[in-house]
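Everything below concerns the one structure shown next.
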Amino acid sequence: MTRKTNSKRKEYTKDDVKLLKAHSKARTPVAKLSKLMKRSEGSLRQKARSLGVGLGHQR
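Using full-length UniProt numbering, you'd call the opening residue of the sequence shown number 1 and step up by one each time.
Here is the structure:
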């Protein structure tokens, strides 16, 4: 049987939200932002959607 990994959620701070909004305006790629903030791309996309801001490039 495979071992499950214990993932711990990390709350978004006010500074994290400010940084996310700033990078949203700058259209920073999500992969680059993910490494910068040490969060998954999915997590960043979900938070951006809940804040009502776009993330990455627009098609």
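We put the CB at the ideal spot given by N, CA and C, even for glycine.
No experiment lies behind these values; they were computed from the predicted model shown.
Provide the residue span of the alpha helix (DSSP H) that contains residue i, from first to last.
i, result
"residue 86", "There is no way to answer for residue 86, as the model of the chain reaches only from 1 to 59."
Indicate the three-state DSSP secondary structure (helix, strand or coil) for residue i in the structure shown.
i, result
"S40", "coil"
"S34", "helix"
"S50", "helix"
"R45", "helix"
By alpha-carbon positions, which one of the options ends up nearest to residue i?
i, options, result
"E41", "T2, K21 and G56", "G56"
Discussion item. Does the contact criterion of 3 or more C-beta pairs under 8 Å hold for the segment 25 to 36 versus the segment 1 to 10?
Written reply: At 8 Å Cβ cutoff, the stretches do not touch.
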